[in-house]
Amino acid sequence: MGAHRLRCSASPACLLLAFLLAMAMPGLTAGLTRRYTFNVTMATVTRLCKTKSIPTVNGQFPGPKLTVREGDRLVVTVHNNINNNVTFHWHGVQQRRSAWADGPAYITQCPMRPGQSYVYRFTIVGQRGTLWWHAHFSWLRATLYGPIVILPPRGVAYPFPKPYREVPLMLGEWFNADPEAVIKQALQTGGGPNVSDAYTFNGFPGPTYNCSANNTFKLKVKPGRTYMLRLINAALNDELFFAVANHTLTVVQADASYVKPFAANTLVISPGQTMDVLLTAATNPSSLAFAIAVSPYTNTVGTFDNTTAQAVLEYAPQRAAALRNLPAPPLPRYNDTGAVTNFSSNFRSLASPHYPARVPLNVDRHFFFAVGLGADPCQSPVNGTCQAPNNTRFAASINNVSFVMPKTSLLQAHYQRRHSGVLAANFPSAPVRKFNYTGTPPNNTFVTHGTRVVPLAFNTTVEVVLQDTSIQGAESHPLHLHGYDFHVVGTGFGNYDAANDTAKYNLVDPVQRNTISVPTAGWVAIRFVANNPGVWIMHCHFDVHLSWGLSMAWLVNDGPLPNQKLPPPPSDIPKCS
Numbered sequence: 001m002g003a004h005r006l007r008c009s010a011s012p013a014c015l016l017l018a019f020l021l022a023m024a025m026p027g028l029t030a031g032l033t034r035r036y037t038f039n040v041t042m043a044t045v046t047r048l049c050k051t052k053s054i055p056t057v058n059g060q061f062p063g064p065k066l067t068v069r070e071g072d073r074l075v076v077t078v079h080n081n082i083n084n085n086v087t088f089h090w091h092g093v094q095q096r097r098s099a100w101a102d103g104p105a106y107i108t109q110c111p112m113r114p115g116q117s118y119v120y121r122f123t124i125v126g127q128r129g130t131l132w133w134h135a136h137f138s139w140l141r142a143t144l145y146g147p148i149v150i151l152p153p154r155g156v157a158y159p160f161p162k163p164y165r166e167v168p169l170m171l172g173e174w175f176n177a178d179p180e181a182v183i184k185q186a187l188q189t190g191g192g193p194n195v196s197d198a199y200t201f202n203g204f205p206g207p208t209y210n211c212s213a214n215n216t217f218k219l220k221v222k223p224g225r226t227y228m229l230r231l232i233n234a235a236l237n238d239e240l241f242f243a244v245a246n247h248t249l250t251v252v253q254a255d256a257s258y259v260k261p262f263a264a265n266t267l268v269i270s271p272g273q274t275m276d277v278l279l280t281a282a283t284n285p286s287s288l289a290f291a292i293a294v295s296p297y298t299n300t301v302g303t304f305d306n307t308t309a310q311a312v313l314e315y316a317p318q319r320a321a322a323l324r325n326l327p328a329p330p331l332p333r334y335n336d337t338g339a340v341t342n343f344s345s346n347f348r349s350l351a352s353p354h355y356p357a358r359v360p361l362n363v364d365r366h367f368f369f370a371v372g373l374g375a376d377p378c379q380s381p382v383n384g385t386c387q388a389p390n391n392t393r394f395a396a397s398i399n400n401v402s403f404v405m406p407k408t409s410l411l412q413a414h415y416q417r418r419h420s421g422v423l424a425a426n427f428p429s430a431p432v433r434k435f436n437y438t439g440t441p442p443n444n445t446f447v448t449h450g451t452r453v454v455p456l457a458f459n460t461t462v463e464v465v466l467q468d469t470s471i472q473g474a475e476s477h478p479l480h481l482h483g484y485d486f487h488v489v490g491t492g493f494g495n496y497d498a499a500n501d502t503a504k505y506n507l508v509d510p511v512q513r514n515t516i517s518v519p520t521a522g523w524v525a526i527r528f529v530a531n532n533p534g535v536w537i538m539h540c541h542f543d544v545h546l547s548w549g550l551s552m553a554w555l556v557n558d559g560p561l562p563n564q565k566l567p568p569p570p571s572d573i574p575k576c577s
């Protein structure tokens, strides 16, 4: 990895160039260009007494950490050396006028086929904290993921005491089977996929699983020191409770945005979300080591991985045999929605003079999205069986539209103004058929299918109410918006009631995120300003729901000024044909 500083003489031409760059990237401070190379290769890994070959970046699992400062430019050269197509997404990076680097397959690019390469180029603008990168093709992100650490500009301090050490901690899922075979089988049968075999800390399952005591992540600490854990939920299909025995955690950031610090004994983190938390090691610990634990939160009516994984907070070295008997934190029951609600209600933006909460107060366009599962009928031609309830096939939708992945890049079609046969700019702003969303499901739960998007004029202020439904069972859905952060202005249980719920919105210091869980049998309201041209997918970060079609896309048109327009595609962008 190399870094190069942007240099400029005092000549009028160079100063004009610097001014134009600053206008094109508001909030950009002149930073470094940081270069990384991703060689996507297969590597042999042993977990749970099973040895298998998995896709990796540079032979590492998890993949390499990318470290940047706010204002830096990243150049990541990817070489695909495996037998699968692949793309990479820089989760949470807003990609200001760099939509071609966002990464979701068939949305902003066609995938890299085996043997192909692509260079992702983008700048970190107005963000600091923890984000992450992962594959965005099928279920390859099961092992293709890694952290992005965004430091403040040099000379800018954290708005909290500087920790002694910072540690990325990626929470994942391990499958003994090939995850690609798991989702292929599920799509063939029409039923739910087989669940994972373990949860992991930085790739290690830990002592609660078979023959895994020697595959345990250990965080070595010194008494009295404060550590910042950069938590990332990289699990495919599970929200997770997280706790450290006998230690209180202080949350200071969420999705690379500062929050008002608050203390918690147990955290909840959804797939796609990041959270920076401070942990102060005890001056006189009651034990030489403590368990760090995760377990699932879910209300699904289907099967799930109901296991607990452990890592170790270590004041002094421990033998593998002793790891099973460490003090462990009490974690909530798997379906404890109350614990989730109590924790989530603490999040507020820092809203300080240096980090103000720029909450949109006036809304140009309102949307109401019913989010949940559904079904496809078992009828000819069906390429498979029908193992969902009532002899159907599982599906998922927003406003009863199950997203159909196109055969070419939506962004390319948009840039070339060739929508015909690729996309329809008519995604419904509300459900066509209204019903009691959290009550008894309607008799007909079949979904429609299409590649439908919402077109937005540049600078449109958007409010979206995301409403969970009880179809196939009410459950939370972590919705991730590409290309933007949003403010979470309201949330509640039951059916959203505009007449009463809008008055309860927090428009002063709502948390700013890129991924938010729609509560089980509830709703959440978000706002954002569509000031970044491109095509941006919004989808459930449970990969099984994404595979079933729980996504849609926003098509944000160019603005009138040169720095408000989508640039041309890079010359090396992969082609679909």
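All residue numbers for the sequence shown refer to the UniProt record's numbering, where the first residue is 1 and numbers rise by one. Glycine is no exception: its CB is placed at the ideal position from the N, C-alpha and C atoms. All values derive from a computational prediction rather than experimental measurement.
*Contact check, Tyr-120 vs Val-182, beta carbons under 8 Å*: no
*What are the residues that DSSP puts in a beta bridge with Ile-232?*
Met-170 and Thr-274
_DSSP three-state label for Ser-551, please._
strand
_Can you tell me whether Asn-39 is helix, strand or coil according to DSSP?_
strand
*Among His-541, Pro-296, Val-508 and Thr-266, which one has its Cα closest to the Cα of residue 580?*
Residue 580 is absent from the structure shown; the chain starts at 1 and stops at 577.
*Straight-line gap, Gln-564 to Pro-533 (C-alpha atoms, nearest Å)*: 7 Å
_Sequence-distant residues of its chain with Cβ nearer than 7 Å to Cys-576 (five each side left out)_ = Cys-110, Lys-407, Thr-408 and Ser-409
*DSSP beta-bridge partners for Gln-512?*
His-487
*So, helix, strand or coil for Asp-255, using DSSP?*
coil
*What are the start and end residues of the alpha helix (DSSP H) that includes Ile-183?*
179-189
_Simplified DSSP state of Asn-426, which is helix, strand or coil_ = coil
_Given this structure, state the Cα-to-Cα distance separating Asp-255 from Thr-46, to the nearest angstrom._
31 Å
*For Ser-476, is the classification buried or exposed, using 16 other Cβ atoms within 10 angstroms of its Cβ as the cut-off for buried?*
buried
*Taking Gly-473 and Val-301 to be in contact with their CB atoms under 8 Å, please state how far apart those CB atoms are, rounded to whole angstroms.*
4 Å
*Could you check which residue in Pro-441, Val-454 and Arg-527 has the C-alpha nearest to that of Gly-490?*
Arg-527
_If I measure Cβ to Cβ from Val-294 and keep anything under 6 Å in the same chain, skipping five residues before and after, which residues do I get?_
Leu-171, Tyr-199, Leu-240, Phe-242 and Ala-309
_Between which residues of its own chain and Pro-335 is the CB-CB distance below 6 Å, once the five residues before and five after are set aside?_
Note on residue identity: the sequence assigns Asn, not Pro, to residue 335. Hits under 6 Å: Asn-299.
_Meets three-Cβ-pair contact criterion under 8 Å: the region 136-151 and the region 44-63_ = yes
*Would you call the region 122-135 and the region 83-100 in contact, with 3 or more CB pairs under 8 Å?*
yes
*Could you spell out the range, first to last residue, of the alpha helix (DSSP H) harbouring His-414?*
410-415
*Under the three-state DSSP convention, the category Ser-196 falls into*: coil
*asked:* Taking 8 Å as the threshold (C-beta atoms), are Ala-396 and Leu-373 in contact?
replied: yes
*Can you pull the DSSP bridge partners for Asn-80?*
Val-40
*Beta carbon of Met-112: closer than 7 Å to some heavy atom of the ligand FMN?*
Of ligands this structure carries none, so the ligand FMN is not represented either.
*Have a look at Tyr-106 and Met-405 and give me their C-alpha separation to the nearest angstrom.*
7 Å
_Rounded separation between residue 611 and Ser-117 - CA only_ = Only positions 1 to 577 of the chain appear in the structure, and residue 611 is not among them; the question remains open.
*Run through DSSP, which three-state label would Ile-471 get?*
coil
_Need the endpoints of the beta strand (DSSP E) that Trp-117 sits in, please._
Per the sequence shown, residue 117 should be read as Ser rather than Trp. Where Ser-117 is concerned, the enclosing beta strand (DSSP E) stretches over 117-123.
*Ala-10 (DSSP reduced to helix, strand or coil)*: A caution first: Ala-10 carries a pLDDT of 41, below 50, which makes its placement in the model unreliable, though a value can still be read off. It is coil, neither helix nor strand.
*asked:* Is the separation between the beta-carbon of Tyr-227 and that of Val-167 shorter than 8 Å?
replied: yes
_Rounded separation between Thr-307 and Ile-516 - CA only_ = 24 Å
*Give the DSSP bridge partners of Phe-262, in chain order.*
Val-251
_residue 578: first and last residue of the uninterrupted beta strand (DSSP E) it sits in_ = The structure shown has nothing for residue 578, since the chain only spans 1 to 577.
*If you count every other CB in all the chains shown that lies within 10 Å of the CB of residue 578, and 16 or more means buried, which is it?*
Past the boundaries of the shown model lies residue 578; the chain is included only from 1 to 577, so the question cannot be answered.
*In three-state terms, what does DSSP make of Trp-139?*
coil
*Extent of the continuous beta strand (DSSP E) run through Asp-376*: 365-376
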